[in-house]
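Chains A and B supply the protein sequences, listed in that same order. Residues in the first sequence are numbered from 1 upward in steps of one, following our numbering. Residues in the second sequence are numbered from 1001 upward in steps of one, following our numbering. The structure appears right after this line, and notes come after that.
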Amino acid sequence: AQTVTQSQPEMSVQEAETVTLSCTYDTSESDYYLFWYKQPPSRQMILVIRQEAYKQQNATENRFSVNFQKAAKSFSLKISDSQLGDAAMYFCAYRTAPGLIFGKGTKLSVKP
Amino acid sequence: SQTIHQWPATLVQPVGSPLSLECTVEGTSNPNLYWYRQAAGRGLQLLFYSVGIGQISSEVPQNLSASRPQDRQFILSSKKLLLSDSGFYLCAWSGVGDNEQFFGPGTRLTVL
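Below you can see the structure in the form of structure tokens.
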């Protein structure tokens, strides 16, 4: 069975700095999808970025980018120029039929 | 554009009482629908999913049930709530063949 591990329960970053959140996963599949979701204090899950395993190029969405290492089964999220609004829980997720498997999350604090 | 609604936003219920949480999606047809639960300090766990009206699959044995009476309506129910049913319940949808899932604002359920 697939598993998703986020080893950093909490992280902190200074406003305007860069932070990287880690995620590792375990799977025997060769083609799959990975996601990062953001959960702000409102608790609604917001899709941040997606990565398709068969694409070697790392996904980028504005200030958010991933470092996808397929052989190492690693999928980290980099947030550049951190803003106060980035403070939230961040969940790594693996797409498997029928739903998503989530890690336990990383709580990101942004210091002004 | 597509939107997803959940209600109520917050609910406090006594043990043994019934439960009905509703989720509706707008702006799309024949979506796949999902119910997740997020217990305190944990990631999300898939409870039910549906690929069409009247088609419900359960991922974990529990005290809850789900129904899909209309194409874009998904209901989570219980006949008798347990203390362990407390948590944050999130409904999500995806397009047929799509891999991203989009979440509603959630319902915070407290069973006393």
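For each residue, glycine too, the CB sits at the ideal point set by N, CA and C.
Query, Result
"Quick one: is proline 1031 (chain B) near chain A, going by C-beta distance under 8 angstroms?", "no"
"Shorter than 8 angstroms from the beta carbon of glycine 1106 (chain B) to some beta carbon of chain A?", "yes"
"Hey, quick one: how far does the beta strand (DSSP E) through glycine 1052 (chain B) stretch, first residue to last?", "1044-1052"
"Name the DSSP beta bridge partners of asparagine 1032 (chain B), please?", "B:Ser1094"
"Please state whether DSSP places aspartate 26 (chain A) in a helix, a strand or coil.", "strand"
"State yes or no: is the beta carbon of arginine 1042 (chain B) nearer than 8 angstroms to at least one beta carbon in chain A?", "yes"
"Ordered along the chain, which non-local residues of its own chain (more than five positions away) have a Cβ less than 7 angstroms from that of alanine 88 (chain A)?", "Lys38, Gln39, Pro40 and Leu108"
"Using DSSP's beta-bridge definition, name the partner residues of lysine 104 (chain A).", "Answer by DSSP bridge pairing: none, since lysine 104 (chain A) is not bridged."
"In chain A, which residues lie less than 7 angstroms from glutamine 1101 (chain B) when you measure between Cβ atoms?", "Leu100"
"Identify the contact partners of leucine 1021 (chain B) in chain A, using a Cβ-Cβ distance below 9 angstroms as the criterion.", "Those within 9 angstroms of leucine 1021 (chain B) in chain A number zero; the least Cβ separation is about 15 angstroms."
"Does phenylalanine 1074 (chain B) get closer than 8 angstroms to chain A when you measure Cβ to Cβ?", "no"
"Just by C-beta distance, which residues in the region 39-56 of chain A are closer than 9 angstroms to chain B?", "Gln39, Ser42, Arg43, Gln44, Met45, Ile46, Leu47, Arg50 and Glu52"
"Is the shortest distance between the beta-carbon of tyrosine 33 (chain A) and the beta-carbons of chain B less than 8 angstroms?", "yes"
"How would you list, in chain order, the residues of chain A whose beta-carbon sits under 8 angstroms from the beta-carbon of serine 1057 (chain B)?", "Pro98"
"Where does serine 80 (chain A) sit, in a helix, a strand or coil, going by DSSP?", "coil"
"Run through DSSP, which three-state label would glycine 85 (chain A) get?", "helix"
"Under DSSP, the beta strand (DSSP E) around lysine 38 (chain A) begins and ends at which residues?", "33-39"
"Is there a C-beta anywhere in chain B that falls below 8 angstroms from the one on phenylalanine 91 (chain A)?", "yes"
"What does tyrosine 1034 (chain B) touch in chain A if you count any residue whose Cβ is under 7 angstroms from its own?", "Gly99"
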